[in-house]
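Participant: Supplied in C-alpha cells, the structure appears directly below.
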Amino acid sequence: MAIDIPTFASTQISLLAAELQAEVDETSALVSLHSPSALQRAGVALTNLTVSSQRTGLGGKTVIELGPDPAFTNSTDLPEHGIRSGDIVLLAEQPPASGKKREVKELERKGVKGVVTRVGKGVVGVAVEAEEEDRKELPGGDKRVWIVKLADEVTWKRMNGTMEKMAKMGEGGYSYFMRVLFGLTTPSPVPDDLTRDEDVGEGKITWFDQSLNDSQKDAIRFALKSPEIALIHGPPGTGKTHTLIELVLQLLSRHSHTRILICGPSNISVDNIVERLSPHKIPLIRLGHPARLLPSVLSHSLDVLTRTSEAGAIVKDVRAEMDAKQASIRKTKSGKERKAIYADLKELRKEYRHRERKCVGDLISKSKVVLATLHGSGGFQLRDEEFDVVIIDEASQALEAQCWVPLLTAKKAVCAGDHLQLPPTIKSKPSPPGENKKTKSKTTTAAAPQVQKGATLETTLFDRLLALHGEKIKRMLTTQYRMHEKIMRFPSDELYESRLIAAEGVAARLLSEVPGTNDIDETREPLVFIDTQGGDFPEKTEDDDEDGRGGGVKSKRSLYGDSKSNEGEAMLVREHVRCLVEEGGVKAEDIAVVSPYNAQLALLAPLKDLYPGIELGSVDGFQGREKEAVIVTLVRSNSDGEVGFLAEKRRLNVAMTRPKRSLTVIGDSETVKKGSKFLKKWMEFLEENADLRYPDLASLTAAAGDS
C-alpha cells in the first residue's frame, strides 16, 4: 500500500519529538535523584577526574583529555563506567558527594557540552562544542571534574531537519528512488534466478573472496542487479559484513567512476566495515570520530587525514598556533590574560574552520568510498556530494528517519540487517490511535499535519519495505559460522523457516575442544537447561530495595525502574561460572552472562571481581556480539505466568544466538511456558534437546554458605 510522503514525514517529526523528550526527561530524572557515584554505577557518568591536557581537534574544537584524580585513587586506570566514544556529555566541576542533587539545567549552566572522542584505560577525551567554548570558560586547573551522559540532540536535529524537507517536498521533487521506497512506484523487476556469475550483466563476475558461500554470492548478484533497492537479510553469524565488503569491491571494479556512501547506526558498525575494507587499498575516508583507536581505522579517519595528507598541510600552522594558545591557558593565572587568549583562540578558530573546510572538501571528492554514521552523513562535509549507491549496515537497528539522512539524495540503496532481532530501543510510549485529536481540536486551520494512526519508531525502514514490497526485494544469507548446530536449531526452525545451515567447521564444535579446557560435563554439552520449576527460585521486583549510597534515595528503583531480579538464579549462574572456570579451565573472557533485566545484572556484578574478564550484559546491549559460552538467566518465576520482556521473541532470538560452543539457559519453565506460544515451544525444545538439570535449592544454599 502506497504511503503519502508528507504524512509519513509529519508523523516521524511528532514521534521523534516525543522520543527526544523521553530521553531528556530520563536524564534529568537520573541526575536530579542521584549522587555522582550512583550515576557512575548506572553507567551514565564518570567521576573524580582531572584535566590532563588540552589540544585542538577536528573542526578547531578543543579536545580535553581527562584522567583519574590522584587525590582519590592510586590507580592510573579509570574505574568501570558506561561512557562510550560518540556519547554527548556534560563536563563540569564535580559537586560534593554530600551536596544536594543537581538539576540538569543547573549543571548545563555551569558546565560545557561535548562529544566523547576517545575512551582508553586511563583517559577519556571530550571535544567541546565551539559555541560552548565561546560562551564559557572551560573547567580545568586543579579542580575535580566529572562528565555526565546527555541526550544526543544533534542526532535528533538532523533527523528532524530531514523529515521537515520531506514534509515540504512537492510531488515534483520526488525521485524515482523515493517513489519506489514509498510504494508510489513498483521496484524494477529483478530475475528470481541469479545463480550464474554472468546473470548480472556487464561481464561475468570475478570474485575477490573465493570463500563466499552460495547464499552470499546470490545476495551480491541480487544487490548488483537491483536498480533501486535491495535488502540483504543476515541472520546471526551468517557473514553479513563479509558479504557487504565483497559487494563494495564488485561495485567499484565493475564501474570505475562509482562512488559509495556506507552508513550504520553506530560508530562500531561503521568502524567494523572500515577495518575490513582497509586492506583492499581503495580510496576511502571515515567521517566522524572512530570509536576504536585501531591504526586501520585511524589512518582513514578525517581527523588524521587533515593532519597527514598534502591537503592537511594548509591547516597545520593554524592548528599549531591554537595548540600553543591552549597550552598557555593552563599556565596563566590572570583572568584578564586568559580572557585575551580566549579572544585570540576565537579568531584562530574561524580561520582554522575556513581552511579545514577546503581541505576536507578536497579529501572527500577524491574518495571512492565514504563511511559515516547515519546522522554523521548529514554533516556539512557531504552537503554537495553525490553518491551512486548508499549502503546501510544494521538497517534493522536504525530509526527510519535516521536512514533518510543519507537516503534523501540517493539513487540506489542496499540495506543489510535482520528484522527478526531487536529493533532500535524506544523510550517514549506510543500514542494511542487518534492521539492527534487534541492537536486538531486546538487548531482551526485545515492544513494541520496528518499523522499515521498506530505508527511507531520501532517500525524500521527494513520492516516497512518488506511489508510494502515483500520477498522480491530481499535475499537471505543461510550459512551461519557462529553456533553449534544444537544451539542454532530452534531459532532456525521457529524464526528462519528452517533455512539456516551450520557451516562444517562450527556445527559440532564444543567448549572442551578449546586449547587449555578440560573435558567435563559443562564443557562437553553445547546446550544446557537448568530448569527451576516448582517455585523455589522466585523473582523479586526491585522497588523496595535501598542501597543506601544515593543519599537515602531508593536507588535501584530509579536506576533500574521496575526491573526484576532472582537471587536463586543468580546463585545458579555463579555456580555454573565457577564450574566452567575453576573445573573446566574455560577463560573468563570467553564467557558472557546475559539477562533481559538490569537488576539481575546488578546482582551478578561481583562476578567481575571474582573472574576478571567475564562479561555481564543486557540482551539488548549484547546484540551483534558473540562469545564461546553464554549463560542466559531469564529471571521470571511467578504463579501468574507473567513474563514481561521475555514475550518479545526478537529479544529471545538475540539471547539464544550469541554463543559459539555453549549455551546455558536458567529459568522456570512453568512460568515461561505461559508467556506465549513461542516460549512454550522453546521450553519444550529445551526439555527434549538440552542437557536438562533440576537444581536443588537446599544443596545450592549450603554450597554458597560454605564458600
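If you count the sequence shown from 1, position 285 lands on 391 in our numbering, and the numbers rise without skipping.
Backbone N, C-alpha and C fix where the C-beta goes; we use that ideal spot for every residue, glycine too.
Quick caveat: nothing in here was measured; it's all calculated off a predicted structure.
From the DSSP secondary-structure annotation, give me the bridge partner or partners of residue 578.
Facilitator: Its beta-bridge partners do not exist; DSSP assigns none.
Participant: With 8 Å as the threshold, decide whether the Cβ of residue 461 is near any Cβ in chain B.
Facilitator: The structure shown contains no chain B; it is built from a single protein chain.
Participant: By Cβ distance below 7 Å, which residues in the same chain neighbour residue 491 in space, the five residues on each side in sequence not counted?
Facilitator: 470
Participant: Measure from the alpha carbon of residue 772 to the alpha carbon of each residue in 783, 609, 742 and 795, then state which is nearest.
Facilitator: Check the Cα spacing between residue 772 and each of 783, 609, 742 and 795: the tightest is with 742.
Participant: Taking the Cβ atom as the reference point for each residue, do residue 717 and residue 760 lie within a distance shorter than 8 Å?
Facilitator: no
Participant: Looking at the secondary structure, which residues open and close the beta strand (DSSP E) in which residue 721 lies?
Facilitator: 721-724
Participant: Taking the continuous alpha helix (DSSP H) assigned at residue 588, which residues delimit it?
Facilitator: Element bounds for residue 588: n/a, residue is neither H nor E.
Participant: Does DSSP put residue 834 in a helix, a strand or coil?
Facilitator: Coverage of the chain is limited to positions 107 through 813, which leaves residue 834 absent and any answer about it impossible.
Participant: Do the segment 248-267 and the segment 139-154 make contact, defined as three or more Cβ pairs closer than 8 Å?
Facilitator: yes
Participant: Can you list, in chain order, the residues of its chain whose CB lies under 8 Å from that of residue 114, leaving out five sequence neighbours each side?
Facilitator: 272, 288 and 558
Participant: Counting C-beta neighbours from all protein chains within 10 Å, is the total for residue 553 16 or more, i.e. buried, or is it exposed?
Facilitator: Residue confidence is low: residue 553 scores 49 on pLDDT, short of 50, so the model does not pin down where it sits. No coordinate-derived value is stated.
Participant: Is it buried or exposed, residue 614, if we count other Cβ atoms within 10 angstroms and call 16 or more buried?
Facilitator: exposed
Participant: Leaving aside the five residues before and after residue 348 along the sequence, list all residues of the same chain whose C-beta is less than 6 Å from its C-beta, in chain order.
Facilitator: none
Participant: Given that a residue counts as buried once 16 or more other Cβ atoms are within 10 Å of its Cβ, and exposed if not, what is residue 802?
Facilitator: Result: exposed.
Participant: Give me whichever residues DSSP pairs with residue 160 in a beta bridge.
Facilitator: Listed as beta-bridge partners of residue 160 by DSSP are 170.
Participant: Less than 8 Å between the beta carbons of residue 827 and residue 496, yes or no?
Facilitator: Since the first residue of the chain shown is 107 and the last is 813, residue 827 is not available in this structure.
Participant: My output table needs one value for residue 313: the three-state DSSP class, helix, strand or coil.
Facilitator: coil
Participant: Straight-line CA distance for residue 394 to residue 480?
Facilitator: 11 Å
Participant: With a floor of 3 residues, list each beta strand (DSSP E) that falls wholly inside the segment 729-763, ordered by position along the chain.
Facilitator: 733-739
Participant: Compute the distance between the beta-carbons of residue 833 and residue 293, then report whether it is under 8 Å.
Facilitator: For the chain, the structure presents residues 107 to 813; residue 833 sits outside this window and is missing.
Participant: For the beta strand (DSSP E) containing residue 700, list its first residue and its last residue.
Facilitator: 697-701
Participant: Which first and last residues belong to the beta strand (DSSP E) in which residue 791 is found?
Facilitator: Careful: residue 791 lies outside any beta strand (DSSP E), inside the alpha helix (DSSP H) at 783-795.
Participant: Look at the Cβ atom of residue 343, then the Cβ atom of residue 587, and state whether they are nearer than 8 Å.
Facilitator: yes
Participant: Taking the alpha helix (DSSP H) that residue 502 falls in, what are its first and last residues?
Facilitator: Segment: none, residue 502 is in no alpha helix (DSSP H) and carries neither H nor E.
Participant: Mapping the DSSP letters down to three states, classify residue 814 as helix, strand or coil.
Facilitator: This structure gives no information on residue 814, because the portion of the chain shown stretches from 107 to 813.
Participant: Tell me whether the beta-carbon of residue 596 lies closer than 8 Å to the beta-carbon of residue 762.
Facilitator: For the 8 Å CB-CB criterion, residue 596 and residue 762 form a contact.
Participant: Please confirm whether residue 504 and residue 121 have their CB atoms less than 8 Å apart.
Facilitator: Between residue 504 and residue 121, the C-beta spacing is not below 8 Å.
Participant: Indicate the three-state DSSP secondary structure (helix, strand or coil) for residue 260 in the structure shown.
Facilitator: helix
Participant: Just checking, does the segment 459-469 make contact with the segment 349-362 on the three C-beta pairs under 8 Å criterion?
Facilitator: no
Participant: Is the segment 361-376 touching the segment 319-332 in the sense that three or more CB pairs, one from each, lie closer than 8 Å?
Facilitator: Contact between the segment 319-332 and the segment 361-376 is absent, with fewer than three C-beta pairs closer than 8 Å.
Participant: Where does residue 189 fall in DSSP's three states?
Facilitator: coil
Participant: With a 10 Å radius around its C-beta and 16 neighbouring C-beta atoms as the bar for buried, classify residue 804 as buried or exposed.
Facilitator: Around the CB of residue 804, fewer than 16 other CB atoms lie within 10 Å, so the residue is classed as exposed.
Participant: Can you tell which of 221, 689, 647 and 169 has its C-alpha closest to the C-alpha of residue 750?
Facilitator: Residue 647 is the option with its Cα nearest to residue 750.
Participant: Could you tell me the alpha carbon to alpha carbon distance between residue 581 and residue 111, rounded to whole angstroms?
Facilitator: Distance from the CA atom of residue 581 to the CA atom of residue 111, rounded to whole angstroms, is 27 Å.
Participant: Residue 199 by DSSP, collapsed to three states: which one?
Facilitator: strand
Participant: In the DSSP assignment, the beta strand (DSSP E) including residue 637 goes from what residue to what residue?
Facilitator: 633-637
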